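Here the structure comes first, spelled out in structure tokens, and everything after it is commentary.
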């Protein structure tokens, strides 16, 4: 029953949750809700979507828990379900509608000028603003690498692509972010050294 | 090492993920190249470092609301058993049902088209009467005639293709395996 050394306590919780111990599952949720919610927030962009997604992800984790292979690292398995769900949501969203500001650049400027942004909670989080402007395919590798602190090998396993691809994507994503940041600095000096 | 080569490795260098040999090569290049050293400083100042990233917490009632959805569900073990058990829409029975449904749908479509064509092209004989069975007879007879006259091999092959496509669609889209 004991699967992997360091996290034996977690292994006990997982085994209990598999047989329907709700308290054990609640403890697992407590452990991972931060990581899952943050991942969804970074990938999908708004707190509302992040919460709906995180709820759905944990229901999926519960449904699939019976088939979880104890040899795998639980955190990676959990984040894989979460990432794939978010990628799916992004794809679905792309098929359904495109927000106005994505088509007409000035629609955004009108809705929220500098004043509007200062009031929104996101303005405190410059990275979130930049992430939203990044191509979707770069988001998952970047968020998994820097917010969830996974290795490139783990990210490659989660996304089912070669490790080299992940490294390239992260490299390009950072380059783009760097350019966006430079642009922001030019416009607004105060932003630069936060 | 050239500047361009060095520059492409800077992020990995900063993450401390370069193999020993390359790491040393980048280090020695940086020592002698102010331009690359400056580029490295810029990367260091970039806010993509774990300590500088803002992790947003979920709302306080997150777990409670989730557990409300979890409580009525069967245990994960039972769910895994249910899914492993062949049957339902995914076993051979499902295949048979999907196949017959697809075939029936196409057949019905063809029948109504044939009946319409027949009704439009020539008047249905009135002696079948107005009762329900009379109408059924009329359609049946019309269809038999239409099928007899129009079914060729090309149509049959198209039909088989449509049935196969619908069956595949059923398994890929309507009841996909997770």
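Chains as they are written, first to last, in the numbering used here: chain A, 5 to 198; chain B, 96 to 273. The beta carbon of each residue, even a glycine, is placed where N, CA and C say it ideally should be. Since this is a predicted model, take the numbers as computed values, not measurements.
- Taking residue 145 of chain A as reference, the option from A/99, A/35 and A/91 with the minimal CA-CA separation is A/91.
- Only exposed fits residue 127 of chain B, as fewer than 16 other CB atoms lie within 10 angstroms of its CB.
- When only Cα atoms are considered, residue 184 of chain A and residue 162 of chain B end up about 41 Å apart.
- Here the region 151 to 162 of chain B lies against the region 52 to 65 of chain A, with 3 or more beta-carbon pairs under 8 Å apart.
- For residue 162 of chain B, at least one C-beta of chain A is nearer than 7 Å to its own C-beta.
- Taking 7 Å as the cut-off, the beta carbon of residue 23 of chain A is found no closer than this to the beta carbon of residue 166 of chain B.
- Contact annotation: the region 27 to 43 of chain A touches the region 133 to 153 of chain A, with at least three C-beta pairs closer than 8 Å.
- Put simply, the CB of residue 251 of chain B is far from chain A, with every gap to its CB atoms at 7 Å or more.
- Annotated three-state conformation of residue 98 of chain B is helix, per DSSP.
- In terms of beta-carbon proximity, residue 176 of chain A stays away from the interface with chain B, with every pair separated by 7 Å or more.
- When CB distances to chain B are screened at a threshold of 9 Å, the residues of the region 11 to 31 of chain A falling below it are 21, 22, 23, 24, 25, 26, 29 and 30, in chain order.
- Within chain B, no C-beta atom comes less than 7 Å from the C-beta of residue 57 of chain A; the nearest is roughly 11 Å away.
- For residue 143 of chain A, not one C-beta of chain B is nearer than 7 Å to its own C-beta.
- Judged by DSSP in its simplified three-state form, residue 155 of chain A adopts coil rather than helix or strand.
- Judged by DSSP secondary structure, residue 124 of chain B falls within the alpha helix (DSSP H) whose first and last residues are 115 to 127.
- Around the beta carbon of residue 171 of chain A, 16 or more other beta carbons lie within 10 angstroms, which makes this residue buried.
- Annotation: Cβ neighbours of residue 62 of chain A in chain B (cutoff 7 Å, chain order): 161.
- Excluding its 5 nearest sequence neighbours in each direction, residue 49 of chain A has C-beta neighbours in its own chain below 7 Å: 136, listed in chain order.
- Taking CB atoms only, residue 37 of chain A has a neighbour in chain B less than 7 Å away.
- A Cβ-Cβ distance of about 13 Å is found for the pair residue 162 of chain A and residue 39 of chain A, leaving them out of contact under the 8 Å criterion.
- For residue 66 of chain A, the chain B residues whose Cβ falls inside 7 Å of its Cβ are 165, 168 and 171, in order along the chain.
- Here residue 153 of chain B is buried: its Cβ has 16 or more other Cβ atoms, across all protein chains shown, within 10 Å.
- Interface residue (Cβ-Cβ distance to chain A less than 7 Å): residue 120 of chain B is not classified as such.
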